Amino acid sequence: MPKPLDIQSQKQIASLINYFERERENGGPLLPIKCVRERVADALHVSMGTVTKISQKVKNNITLDSPKKKRPHLKRVTNQDNLDIGSIRNTIFELYEKRKPTIKTDEQRYIILHAGNKNGFIPGAELLLEISLKKHTL
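Sequential numbering of the sequence shown, starting at 590, is according to our numbering.
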């Protein structure tokens with residue numbers, strides 16, 4: 590059983606039917622028979638360049654494939670000023686220097702979040718979240 594055609598293929602078939610009906614009403618070809626590529630481009634409403642590319646692929650036995658999906662690329666953060674870089678470096682250095690443990694002896698895990706914006710961290714804006722590591726029994 591043939592697979593169903595997508596809307597683009599259906600539109601091209603409709604334009605072919607319209608072109609051949611115009612030729613029938615004209616009593617002959619609209620363009621000279623020897624101008625094959627021009628007739629194909631006119632019948633399908635595509636450019637001559639498209640017809641030429643496809644005919645070259647067919648002539649050289651290259652498989653016809655659809656264009657690849659364009660995936661968005663994530664942009665790197667490049668607009669960091671010296672204040673941002675210095676704040677991050679100092680915070681990491683302080684944690685390394687003081688060796689603050691993230692897991693205390695009471696089996697609680699603390700996550701430290703710093704609030705900030707593009708101008709740097711807001712001093713004193715720390716939020717501690719406690720996560721229990723104990724398994725609760727019923």
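Don't be surprised by glycine CBs; every beta carbon is placed ideally from N, CA and C.
Remember, predicted model here, so these are calculated numbers, not experimental data.
Cutoff 7 Å; reference residue i; Cβ partners in own chain excluding five residues on either side
i      : result
Ser598 : none
Lys646 : Leu653
Ala630 : Ser636, Met637, Val640
Arg626 : Met637, Val640, Thr641, Ser644
Where residue i falls, given that 16 or more other Cβ within 10 Å makes a residue buried
i      : result
Val640 : buried
Ala632 : buried
Leu727 : Any reading at Leu727 needs caution, since the residue's pLDDT is 45, under 50, leaving its predicted position unreliable; the model's value is listed next. Leu727 comes out exposed.
Cβ shell of residue i (< 8 Å), same chain only, five flanking positions each side left out
i      : result
Pro618 : Glu612, Arg628
Ser604 : Ala632, Leu633, His634
Leu620 : Glu627, Arg628, Asp631
Extent of the continuous alpha helix (DSSP H) to which residue i belongs
i      : result
Asn615 : 596-615
Ile643 : 637-648
Arg628 : 625-633
Residue i versus residue j - alpha carbon distance
i      : j      : result
Tyr608 : His634 : 10 Å
Phe682 : Gln669 : 19 Å
Ile596 : Ser655 : 15 Å
Pro661 : Thr667 : 18 Å
Asn650 : Asp673 : 56 Å
Ile622 : Lys642 : 20 Å
Asn615 : Ile606 : 14 Å
Lys592 : Asn671 : 60 Å
Leu594 : Lys659 : 23 Å
Leu684 : Lys657 : 46 Å
Arg678 : Arg665 : 19 Å
C-beta neighbour in chain D for residue i, strict 9 Å
i      : result
Ser676 : Absent from the structure: chain D. Only one protein chain is present.
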